[in-house]
Structures are given as structure tokens and as C-alpha cells.
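> Input: one structure, supplied below.
Chains as they are written, first to last, in our numbering: chain A, 463 to 879; chain B, 65 to 435.
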């Protein structure tokens, strides 16, 4: 023991052990990072970036300030109490003339038309004729389109001149700015989205409960039957899981429609009259039936993975202590399966609020989800800001669900088999 | 001195050879067969284009034409491609309302119609040969089509067949389900005409809040008898299955089902809402599609198209050459939206009105549907 105990330990080649260890760990970390980097890059490009792009789009509002720079500047210190004066109109005329030349007015016309119908033709119509206008522009522009003589028009332009906006979120919850700038509900006859949000949530809840009621016994059998039988049952669960979503959805149309298999059978058996066939599809019922079927494996598999780990001896012990079967189930077995129920429930619920093709095909008018309106605003109305705002609200709900779940159960409990 | 001259001569010679070389190269390039990605509507309409001008053009030029059935969402597609900086479509078949928006956003090329398009056979320039007001800054029309309501003649007694748009809203005398397009466009116009508004006043009335409320109130009277369709192929199918008695549709599809499949369909031409449909060129693609566009919009080609579908040609010179349905002796003229008796109470779709009010009225329509 001639060496002092504080001298660092060294490897054979004289490098301190600590450094050597650090090097080795760093090397293996680097290797691991290299191995996951393709997936990481894929996730960043295909998932993280689009996600932030979407969040960004829901508040991004560059149209007015870039296409009408002079007007938005001129409006900056306008009090909003009476019609703006000549300089603002002159700025607008200059913006329109430049915009018509550069073909940059299309987007701002669409943007302002979301806020106030008629703004598109006010802008485009004036832009076509602005080159021939002469001062005073105020009278000349009002002469082309009455909208320029309305206070509300200018308040909208001033409000939307800021580079960020909340209007998309307001529209997504059936609210709007009143002409005075306060947030008010849109008239009854224009309200769409709030109803759809609630419908999406409660129907997803019903679908979740249905999958639980139907899936629990199946998962129990899967976990407790002898291997020979349970394998067959597992295949029966997985086969539909591997079948195309569209095939499963359209099969339900063939079964449930008014001239479909089920109605035909019931008419043939004399259960219902030919004129009184049941309407089971193109409504809420169609959506709930088809989606329960489609999402069932997502409930069964997490339940099964949890049930598989519960030793049968627990139930035997409970029974041998004198418990009646139901009491043993309720007090011993059921509590042990709660992580599985929660995992399956959260999976089914989150998948369900994001479903869009199945409700579109079998939901008819009353069984549509909010997701169908995201698709509508992406593809048809081209109001991508509103689509982004609706999608962000859904994302927020999903994140909240996930956090609650993680807090109560722990996300590591989610297993698919 | 001599040197300079020699230098000049060499320079000129070089330039001439160079220019010749370049022009041969250019010739070689233009003669090379290309692949044109052409976006259209699919179904019977794309078939008529294929027969009338795509096949002749492919034979003539050796180009390959790829048909893409995306016109239903053409504006969204153009925007997305332009934002991504990779425009793959070369020519797009589009409605004029969408073309107006795309043009204002700079997504499509402004066109010099007289320079780009063929004259009529008698030498009339395109700007005079196309129907008045149909050419737009970035838009070349090819057809006039119409939104109509058709009915299945077998669903009504022979002495009591419907004939006006008001009959569509008359459940008492003409019972049965109706299928209408799941959009406010056309439905609001028809509701007002059925409620007694003159076809020429429809858009003036719709401009007012009372007018819109009146149209929705009229639609309320048939709401529970309506099946809403979203794909153009649905109404002929529903009519053929007798799931509905009336169906709103594009006139060409009803004509094709009646003429080619012998379906007992009849068109109510009263208050037909007609409009144009035609070509736009995505920004940067003009050179590539110039020759095809010239060919596909000339008088003969537009007249040929009317052999396959009952849409009126957008050129006056073609209208005179419309004959019979290909392979039959059915005269096409009486089935065209622009045929005199059909046209008497026609409503020209007001693209400016819908450009302004579509967002708001669609939301109101959706809210009304959800009630």
C-alpha cells in the first residue's frame, strides 16, 4: 500500500479509468444515436415539423400586412371611430395598384373575405379599376364599391393587419369579433363547430365504452384459454385488424343499409315490415357500429397483455377464502386489469377523435365528426388557417388526455400484446 | 485593317453557325415527344376529352397524355404544388370561379387569347368566336354545362309528370325523395325560383339577408325528403335505383345515362343554372402545353367533343357543327343547355356573388344541415 489512496485508477495503457470509461460510453452512445438517426430524421421531417407548421398556421396572419403594407401602416394610428381620411384611401389605392401588377391580391382577398363577406369583390373589383383612378381616392373608391364607405370594412382591415390573429381559433369555436372588436358568438344559424366538437367527444366516449364491453370478455378468454384455442381466437381478433380499413367500412354499408343484408333478413323473417326498414347507417348509429368494430383490437390487445400477467392463483386464493365468483372478480381480478382498461380506453378514444374516413362514409349527416370539417377546410374551402385551428384544438385535447393518463396510470403500461 | 475585317468575318460566320446549330437543337427539342400531365374531372367528361382531342393529339404529336382526375380539388392542388415549389400539373380543367381566384394568386398564367388560340375556320379571331364574356384573363372555356334537376319518369303517372323547378319543391303533388348537392350553390337559387322569384332577380334577392332566409325557409319544406350527394356519379345512380324521384345533377351525366343506358330520365330545364368550364395553365407551363392548347380548343375539336357528351361548345363556330351522338342517330342539339327552349328560364351562375358569399353561405348551409 505504498500508493496514496487518492491517486486515480489507471488502465493498462496509463489512461485514467474514469476517462477511458467516459470514452467508451460516449462511443456507444454515438453508435446508438447513429442507429436511431434515420428514424429520428424521419420523425422530425414527417411529424415534428408539420406539427409545428400546423400550429404556426393557426395563428399566422401575414396576408394583410404583406399585400397591403401602406394601408396597414396608414391605419396604425386611426382611431376607428369614423371613416378614415384621404391618406388611408390613397395608401389603399397605391397598394391595390401595386398588388394588381404583382398578382399578390388573391390571398389577402380570400383572407379578408373570411372575416367579412364581400371583401373579395371589393378588393378585386377595385384593383381592376384602380389604375384609372384619380385623387381624391376616398370618393372614387367608395364610388366603385360601397364597402369602402363602411366603418366595419376598415376595422376588419386594421384588426387583421397584425401579423398574428386569433380569428381562426374564434371561428373554430363559433365565435367572432363584433364590429366593435368584442368577442361574441356567431348567430345561431351559423353555429357548426362547437356542436361537432361535443359530438366527436361523446361519440368517441360511447365507442370506447362499447369496445370495452365487447372486448373485455374476449381478452379474458384469450388470456385464460389453453394455448391451442387461444391462438385460434387471437387470429380471429387479428385478421380484421389486418384487413383494410376501407374494406371493413364498406362491408358495414352492405350489411346495414336499408336494402342491406340485415334488413333483408329481418324482413324475410317477418320481424319488421318491408316499408319500415330500419335506418342503421348514414347516421350516428352507423358511425358507432362501424368504428366500434374497427377499433376493437386496440382495446382487446392492451387488455390481453395485462390479463396475461395476472397469475390464476390470485383468483384461486380468493375463491378458497370463501369469496363468491362475482365478488372475487370485482375485488381481485377487475382492479388488476384497470391499467389495461385505461390503456385500451385511451388508445381507442384518441384514435377515435381523429378518425375521418369512416364517419365520412357511414356517418351521413348526423354522424359526422369534427375531423370531416378539417378535411373540408383543407381540400375544398382552402381555409387552411381554420383547419389548423380546429386540428390544434383536437391536438390539445389529445395531449390533455395523455397527460391525465400518464399521471394516473403511467404510459409504460400501454402494450399491444 | 485587314485583320479587323477578317476578325469581323470570322465572328459573323461563327455567330451564324452557332445560331444555326442552336436552332436545329431547338427544333429537335420541340419535336421530341413529351409527357403532359392533364388534370380533369374523370368519368364521362374525361372520356369525351380523350376521344375528341387527347387521342388525336397523341397520334399527331407523339406526346404521352396522363389523365389526372383531380379537378374537383384543382385549386387546392395548385396551391399546394406552388407552395411546395414543385408544380407537376401541366394543364388543368377548372371552373371559372376557381380560375379567378387562382389567377389573382398568380398560380396560373395570364393568356393572350388571340395569339395562343386558333381562329375560327372563317377567320374570326378567338376573342370574337368564343361566347361573349366567357374568356377570362387566365381562362379558356371549352364547354357550357348546366346544373339541372332530373326525374325518373317511371315514378310519376304519365299524365302528371313534373315540368318546373317549383314541382321539385311540391311534395304534395310530386311525392318522393329528392337528392341534391351538399352545397348551397344552385339549391338556394332554385329555392327562390320555386318560391316565386324571377330567374333574373335571383342574385339580387340573395344579396339581402331576407332573401337568404327566404331561400332556407323554402329548403326547409323539403329538408326531410332530401338525400345529399357529394359525388357527381351519385344522382344518376340513386335515380336509376328509384331511391329518389328527383335528383340535381350535371346535365351531361343524365343525358349519358338516358342515351347510353336507356334510363327513363327526363331533365327539367326550367331554371337551369349554367356556367362554363375550361382550361388554365399553371404558372411556368405555357411553353410546354401551348401546342396542345391550340389544338384542343380549335373549332373542330370542340365540335367533336359534343359527339360524346351533351355540353355545349364554348365557340360559336363549333356550335354550328354539332351533329349526333357518336355511334347513334340521336341529334345532340336539343340536349344542349344552350338550345332555345331549354334556355328560356336559364340562370347564369353569378361567379362574383359566389366568390364573395360562398364561405359564409356554406357555413350557414352546414349549420342548417346539422340542425
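No residue lacks a Cβ here, since even glycine has one placed at the ideal position from N, Cα and C.
1. Please confirm whether residue 165(B) has its beta-carbon closer than 8 Å to some beta-carbon of chain A.
2. What does the Cβ neighbour count give for residue 90(B), buried or exposed, with the cut at 16 atoms within 10 Å?
3. Using a Cβ-Cβ cut-off of less than 7 Å, give me the residues of the region 632 to 653 of chain A that come near chain B, in sequence order.
4. Is it the case that the Cβ atoms of residue 616(A) and residue 537(A) are separated by a distance below 8 Å?
5. Between residue 672(A) and chain C, is any beta-carbon pair separated by less than 8 Å?
6. Just how far apart, CA to CA, sit residue 553(A) and residue 533(A)?
7. Would residue 87(B) be called buried (16 or more neighbouring beta carbons within 10 Å of its own) or exposed?
8. Less than 8 Å between the beta carbons of residue 431(B) and residue 652(A), yes or no?
9. Residues of chain B with a CB under 7 Å from the CB of residue 571(A): which are they?
10. Would you kindly check if the distance between the Cβ of residue 855(A) and the Cβ of residue 634(A) is under 8 Å?
11. Against chain A, does residue 420(B) count as a neighbour if the rule is that its beta carbon must be under 8 Å from one of theirs?
12. Identify, in the order they occur along the chain, each residue of the same chain with its Cβ nearer than 7 Å to the Cβ of residue 331(B), setting aside the five sequence neighbours on each side.
13. Between residue 434(B) and chain A, is any beta-carbon pair separated by less than 8 Å?
14. My output table needs one value for residue 739(A): the three-state DSSP class, helix, strand or coil.
15. Whose C-alpha, out of 274(B), 264(B), 283(B), 124(B), is nearest the C-alpha of residue 246(B)?
16. Can you tell me whether residue 118(B) is buried or exposed, with buried defined as 16 or more other CB within 10 angstroms of its CB?
17. Would the beta-carbon of residue 512(A) be found less than 7 Å away from any heavy atom of the ligand MG?
18. With 8 Å set as the bound, which would you pick, yes or no: does the beta-carbon of residue 140(B) sit closer than that to a beta-carbon of chain A?
19. Please give me, in chain order, every unbroken run of the beta strand (DSSP E) with length at least 3 that falls completely inside the region 247 to 303 of chain B.
20. Terminal residues of the continuous beta strand (DSSP E) containing residue 216(B)?
21. State the DSSP-derived secondary structure class of residue 158(B), mapped to helix, strand or coil.
22. Can you pull the chain B residues whose beta carbon is under 7 Å from the beta carbon of residue 666(A), in chain order?
23. Please decide whether residue 143(B) counts as near chain A, where near means a Cβ-Cβ distance under 8 Å.
24. According to DSSP, simplified to helix, strand and coil, what is residue 245(B)?
25. Quick one: which unbroken beta strand (DSSP E) runs of 3-plus residues sit fully inside the region 553 to 577 of chain A? Chain order, please.
26. For residue 341(B), which of helix, strand or coil comes out of DSSP?
27. Given a threshold of 16 other Cβ atoms within 10 Å of its Cβ, counted over all protein chains shown, does residue 485(A) qualify as buried or as exposed?
28. By the criterion of Cβ-Cβ separation under 9 Å, what are the contact partners of residue 827(A) in chain B?
29. Can you find a CB in chain A that lies within less than 8 Å of the CB of residue 406(B)?
30. With DSSP run on the structure shown, which of helix, strand or coil describes residue 238(B)?
31. Which residues mark the beginning and the end of the alpha helix (DSSP H) in which residue 358(B) is found?
32. Spatial neighbours of residue 866(A) within its chain, please: CB distance less than 7 Å, with the 5 preceding and 5 following residues excluded, ordered by chain position.
33. Can you give, in chain order, each stretch of the alpha helix (DSSP H) that sits fully within the region 745 to 800 of chain A and has at least 4 residues?
34. Quick check: residue 851(A) and residue 639(A), are their CB atoms within less than 8 Å of each other?
35. Give the interface partners of residue 747(A) over in chain B, defined as CB-CB distance under 7 Å, in chain order.
36. Would you list, in sequence order, the uninterrupted beta strand (DSSP E) runs of no fewer than 3 residues that lie entirely inside the region 600 to 625 of chain A?
In terms of the structure at hand:
1. Working through the second chain from its first residue, we reach residue 165(B) at position 101. Chain A contact via Cβ: present.
2. Counted from its first residue, the second chain places residue 90(B) at position 26. In this predicted model, residue 90(B) has a pLDDT of only 46, less than 50, meaning its place in the structure is not dependable enough to derive any value.
3. Cβ contacts with chain B: 651, 652, 653.
4. Taking the first chain and counting its residues from 1, one reaches residue 616(A) at position 154. Taking the first chain and counting its residues from 1, one reaches residue 537(A) at position 75. Yes; because the gap between Cβ atoms is below 8 Å, this pair is in contact.
5. Included in the structure are the protein chains A and B, with no chain C among them.
6. Position 91 of the first chain holds residue 553(A). Position 71 of the first chain holds residue 533(A). Distance from the CA atom of residue 553(A) to the CA atom of residue 533(A), rounded to whole angstroms, is 5 Å.
7. Locating residue 87(B) in the second chain gives position 23, where the first residue counts as 1. Summary for residue 87(B): the model assigns pLDDT 49, below 50, so the residue's position carries little reliability; its value from the coordinates is reported in the next sentence. Of the other Cβ atoms in all chains shown, fewer than 16 fall within 10 Å of the Cβ of residue 87(B); this residue is therefore exposed.
8. Residue 431(B) sits at position 367 when you count from the first residue of the second chain. Residue 652(A) sits at position 190 when you count from the first residue of the first chain. Here residue 431(B) is near residue 652(A), since their CB atoms are less than 8 Å apart.
9. In the first chain, the residue the question calls residue 571(A) occupies position 109. The contact set of residue 571(A) on chain B, defined by CB atoms closer than 7 Å, consists of 168 in chain order.
10. Locating residue 634(A) in the first chain gives position 172, where the first residue counts as 1. Locating residue 855(A) in the first chain gives position 393, where the first residue counts as 1. Contact: yes.
11. For the purposes of this step, residue 420(B) is identified with residue 356 of the second chain, where counting begins at 1. True, the Cβ-Cβ gap to chain A drops below 8 Å.
12. Along the second chain, read from residue 1 onward, the residue named residue 331(B) stands at position 267. 212, 214, 315, 318, listed in sequence order.
13. Taking the first residue of the second chain as 1, we reach residue 434(B) at position 370. So yes, residue 434(B) belongs to the interface.
14. Here residue 739(A) corresponds to residue number 277 of the first chain, with the count starting at 1. Of the three classes helix, strand and coil, the one that applies to residue 739(A) here is coil, per DSSP.
15. Counting from 1 along the second chain, the entry for residue 246(B) is found at position 182. It is 283(B) whose Cα lies nearest to the Cα of residue 246(B).
16. In the second chain, counting from the first residue as 1, residue 118(B) sits at position 54. Counting of Cβ neighbours within 10 angstroms places residue 118(B) among the buried residues, the total reaching 16 or more.
17. This structure simply doesn't include the ligand MG, nor any ligand for that matter.
18. On the second chain, position 76 is the one that residue 140(B) refers to. Yes, residue 140(B) lies at the interface with chain A (some Cβ there is under 8 Å from its Cβ).
19. Counting only runs of 3 or more, we get 290 to 293.
20. For this step, residue 216(B) is matched to residue 152 along the second chain. First-last of the beta strand (DSSP E) with residue 216(B): 204 to 216.
21. As a first step, residue 158(B) is located in the second chain; it is residue number 94 there, counting from the start. Residue state for residue 158(B) is assigned as strand, using DSSP reduced to three classes.
22. Position 204 of the first chain, counted from the start, is the residue given in the question as residue 666(A). Residues of chain B passing the Cβ test: none, with the nearest at roughly 18 Å.
23. As a first step, residue 143(B) is located in the second chain; it is residue number 79 there, counting from the start. Yes, its Cβ sits closer than 8 Å to a Cβ of chain A.
24. Along the second chain, read from residue 1 onward, the residue named residue 245(B) stands at position 181. Correct three-state label for residue 245(B): strand.
25. Taking 3 residues as the minimum length, the region 553 to 577 of chain A contains no beta strand (DSSP E) run wholly inside it.
26. Residue numbering aside, residue 341(B) sits at position 277 when the second chain is read from its first letter. Residue 341(B): strand per DSSP, three-state reduction.
27. For this step, residue 485(A) is matched to residue 23 along the first chain. Residue 485(A) counts as exposed, since fewer than 16 other C-beta atoms from the protein chains shown sit within 10 angstroms of its C-beta.
28. Within the first chain, numbered from 1, the residue matching residue 827(A) stands at position 365. Result: 246, 292, 433, 434.
29. Numbered from 1 along the second chain, position 342 holds the residue referred to as residue 406(B). Chain A places no beta carbon closer than 8 Å to that of residue 406(B), leaving this residue out of the contacts.
30. The count along the second chain starts at 1 and reaches residue 238(B) at position 174. Looking at residue 238(B) - three-state DSSP - the assignment turns out to be coil, as it is neither helix nor strand.
31. Against the second chain, residue 358(B) aligns to sequence position 294. First-last of the alpha helix (DSSP H) with residue 358(B): 350 to 360.
32. To locate residue 866(A), count along the first chain from 1; it is residue 404. Nothing listed; no residue qualifies.
33. Counting only runs of 4 or more, we get 746 to 769, 774 to 782, 787 to 790.
34. Your numbering for residue 851(A) matches position 389 in the first chain. Your numbering for residue 639(A) matches position 177 in the first chain. Not closer than 8 Å, so no.
35. Numbered from 1 along the first chain, position 285 holds the residue referred to as residue 747(A). The premise fails here: residue 747(A) is roughly 17 Å from chain B at the closest Cβ pair, so nothing lies under 7 Å.
36. As summarised for the region 600 to 625 of chain A, there are no continuous beta strand (DSSP E) elements at least 3 residues long confined to that stretch.
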